[in-house]
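Let me begin by presenting the structure, written as structure tokens, before commenting on it.
In full-length UniProt numbering, the protein residues as written are 1 to 422.
Set out below in structure tokens:
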């Protein structure tokens, strides 16, 4: 069978990448045509004498209309919707296809480890809003923030748990997974119930109390300022849910489930360090996790000290307090941030950390940083922790150039390969 030429394959391709590039090239050619019309219009108007049309006003009007149509319908719309608009579709389709190949009901794949992971992620990068006083009739709202590099993880979790919606924050490269409807908030509370460890536990209990009281209210007492749910919709929703059991904090060993993996995906850092001294240079490794000291919940001011101390104890390391005075945006004002930090540097404790992540893998793009960090850890172990070895120095510097913020290529194959959360 004769192989298709490159141009034939390109012309008849249904690949999202090929189609996007075709839209982009078509838009660029249309933009050049529109630019030519724009030059003619401007030249015609820049001089008292007619430059191109010699008094033919009809032709001039045709060019004006053609320019507008070319720029809007042949350039702007094909490029924004056809080229760049397909990027987000591509991201979400990967995991929709993955989920549909396994089941039409993704919730059947949700196990306790995935729920623990989600809870850790929620306690690290999540927000909860439970209204008081005059706004007490408003339902709780919840959200989790993701870096733009982790958009695919956000879509994966959204599809897996079948709840919420995605939106991009107006400022910064951040995506927000929002749970705003009563049903979506209920699902999040249901899946994370019993796995909370930080002060956010108290806000989750407050949200559960609101949910249970809402189910008990007679129809005529239900008041919603936005009129989002009429009685029929409310009855339909309540038929799907039951009262939530308000479970206690999870006091189990955090090394026995995936909670710490989710929390690490939110707030941890894998570092390959280059330490310089007068005599020699040395490659070393570090794992660090930092969290603000206090969490204000209504009239409660809870501290993260107990959970940070538990994490440090689990890995036989120390925890210390830290303060940083940072400038606020472009103003001259400064704000002091108080945090607790856990940092691990010694080889034996790093191995303990490594063993945990081998059992309960990270899911975000941070997993790629961990794998490079893991390779260096194995090299250090084989070299008896001699970070001054020339081969180690070379390999360490190469990895340092492509880790954390320096990483240029990101893929999420690890999410499809891991079996812990299935």
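The beta-carbon is built from N, C-alpha and C at its ideal position, and this holds for glycine as well.
Check whether residue i and residue j have beta carbons under 9 Å apart
i: residue 144; j: residue 162; result: no
i: residue 38; j: residue 75; result: no
i: residue 124; j: residue 267; result: yes
i: residue 374; j: residue 360; result: no
i: residue 284; j: residue 153; result: no
i: residue 254; j: residue 311; result: yes
i: residue 345; j: residue 286; result: yes
i: residue 341; j: residue 290; result: yes
i: residue 188; j: residue 233; result: no
Inter-residue spacing [alpha-carbon to alpha-carbon] between residue i and residue j
i: residue 171; j: residue 303; result: 29 Å
i: residue 295; j: residue 416; result: 35 Å
i: residue 351; j: residue 258; result: 17 Å
i: residue 176; j: residue 47; result: 53 Å
i: residue 185; j: residue 319; result: 34 Å
i: residue 164; j: residue 216; result: 24 Å
i: residue 203; j: residue 397; result: 44 Å
i: residue 178; j: residue 68; result: 38 Å
i: residue 403; j: residue 282; result: 18 Å
i: residue 273; j: residue 249; result: 36 Å
i: residue 56; j: residue 27; result: 29 Å
i: residue 32; j: residue 60; result: 19 Å
i: residue 160; j: residue 119; result: 15 Å
Buried or exposed by the 16-neighbour rule on C-beta atoms within 10 Å, applied to residue i
i: residue 130; result: buried
i: residue 79; result: buried
i: residue 406; result: exposed
i: residue 105; result: Its pLDDT being 47, under 50, residue 105 is placed unreliably in this model, and the coordinates cannot settle the point.
i: residue 197; result: buried
i: residue 73; result: exposed
i: residue 62; result: exposed
i: residue 65; result: exposed
i: residue 348; result: exposed
i: residue 11; result: exposed
i: residue 103; result: Residue placement at residue 103 is poorly supported in this model, since its pLDDT is 39, which falls under 50; the coordinates still yield a value, given next. Label assigned to residue 103: exposed.
i: residue 235; result: exposed
i: residue 321; result: exposed
Helix, strand or coil at residue i according to DSSP, with G and I counted as helix
i: residue 163; result: coil
i: residue 273; result: strand
i: residue 401; result: coil
i: residue 174; result: strand
i: residue 258; result: coil
i: residue 146; result: strand
i: residue 406; result: helix
i: residue 395; result: helix
i: residue 141; result: strand
i: residue 26; result: helix
i: residue 415; result: helix
i: residue 152; result: helix
i: residue 285; result: strand
i: residue 111; result: coil
i: residue 12; result: helix
i: residue 128; result: strand
i: residue 38; result: helix
i: residue 302; result: strand
i: residue 245; result: coil
> At which residue ranges does the stretch 309–390 contain complete alpha helix (DSSP H) runs of 4 or more residues, listed in the order of the chain?
Replying inline: 347–359, 366–382
>> Give the list of continuous beta strand (DSSP E) stretches no shorter than 3 residues that lie fully inside the stretch 174–212.
In response: 174–179
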